[in-house]
Each structure stands twice: as structure tokens, then as C-alpha cells.
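**Student:**
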Amino acid sequence: MRADEGGMAGSDEAEIEDVVRAFFAAFTSGPDTAARLDTLRDLFLPGAVIVSTGGREPSLMDVDAFIAPREALLSGGTLVGFREWAVGGRTDVFGDVAHWFGSYAKEWEQDGQSFGGRGMKSLQLVRTPQGWRISAAAWDDER
């Protein structure tokens, strides 16, 4: 974790780490998928923008459009053992805005075959009265 010239309070660092951890933990198949995705929904500001690139025209989504297909995949039974996690990242904070940029990995089984992938995610966060919330997210998977 890195801070701006004014420094980052330990509580800010811990709360941002918790948000990032909860963000990635939501993408896990199995029991409690709906609860994890509800937690994910709560991590975003209303009106947050999510962008996927992947070497094609960027796909822009609101929070519900982002979560709905993931909920179907994670709870539909076609993916087994899906999980996604942060591999490493960097956080910058200035006042009430923060940015986490880092690498992530994912793995799963489908139709008896194992799959995996990696990529980079960017999470923009803002401090609210309820704590740090994600105002925007963007990612690109390795090709």
C-alpha cells in the first residue's frame, strides 16, 4: 500500500483492503453466492460504472448489469470451484479518493476441465459516511 504525501491512516488502509478483499471474494461459486453478491452490490456507489475491455470495444455496465450475469454463472451449476483473488496491488489515497490497481487470478472447472486466467483490475474508491465505496471499476484479462 502506498499513500499520498499526507500519509494514509491505518484505518483507511485497512478499510480499503477489506473492500478489495470483499470485491474479489464475491466471485466464488458454491453456497452463499447470493449473499456474497449482495455484499458486492453494497460495495458500490449507486451509479458506479464498470468497464470490461479484453481487447475489444469497452463494455460499460451499471452495477446490476455487472452482477446479473455473474450471479447466473456462479449459481447456475455449470462452473465448479470458481474463485477469483487479488495477487498483488497498489493503493493510492488522497483525502477522500483512493485508487487500487492490481493483478488478479481466477480458476474454475467446467465440463470436467480446469481453467484459469489472470488480468489487471482498477478500482476507484471514494470515502462516504458509510465508509469507502467503489465509484468505478475497470479490468482487462490476459489474452
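Counting with the numbering used here, you get residues 52 to 194 for the letters of the sequence shown. Backbone N, C-alpha and C define an ideal beta-carbon position, used for all residues, glycine too.
Between which two residues does the beta strand (DSSP E) containing residue 109 stretch?
**Tutor:** First-last for residue 109: undefined, no H or E at that position.
**Student:** Who pairs with residue 141 in a beta bridge, going by DSSP?
**Tutor:** 152
**Student:** Give me whichever residues DSSP pairs with residue 189 in a beta bridge.
**Tutor:** Beta-bridge annotation (DSSP): residue 189 is paired with 102 and 173.
**Student:** Whole angstroms is fine: what's the gap from residue 194's alpha carbon to residue 107's?
**Tutor:** 11 Å
**Student:** Rounded to the nearest angstrom, how far is the Cβ of residue 63 from that of residue 144, given a contact under 8 Å?
**Tutor:** 6 Å
**Student:** Go ahead and label residue 111 buried or exposed: buried means 16 or more other beta carbons lie within 10 angstroms of its beta carbon, across all protein chains shown.
**Tutor:** Under this definition residue 111 is an exposed residue.
**Student:** Of all the options 137, 177, 102 and 99, which has the alpha carbon lying nearest to the alpha carbon of residue 77?
**Tutor:** If we check each option's Cα against that of residue 77, 137 comes out closest.
**Student:** In whole angstroms, what separates the C-alpha of residue 100 from that of residue 114?
**Tutor:** 7 Å
**Student:** Alpha carbon to alpha carbon, what distance is there between residue 182 and residue 120?
**Tutor:** 27 Å
**Student:** At the level of alpha carbons, what is the spacing between residue 56 and residue 146?
**Tutor:** The predicted position of residue 56 is uncertain, since its pLDDT is 42 and thus under 50; a value taken from the coordinates is nonetheless stated next. For residue 56 and residue 146, the distance between alpha carbons rounds to 10 Å.
**Student:** Return the bridge partner residues of residue 130 from the DSSP annotation.
**Tutor:** For residue 130, which the question treats as bridged, DSSP gives the partners 161.
**Student:** DSSP puts residue 135 in a beta bridge; with which residues?
**Tutor:** DSSP output for residue 135 lists 157 as bridge partner(s).
**Student:** Apart from the five residues just before and just after residue 151, which ones in its own chain have a Cβ nearer than 6 Å to its Cβ?
**Tutor:** Close CB contacts of residue 151 within its chain, under the 6 Å cut and outside five residues either way in sequence, are with 71, 140, 142 and 174 (chain order).
**Student:** For residue 179, which residues does DSSP report across the bridge?
**Tutor:** DSSP lists 182 as the beta-bridge partner residues of residue 179.
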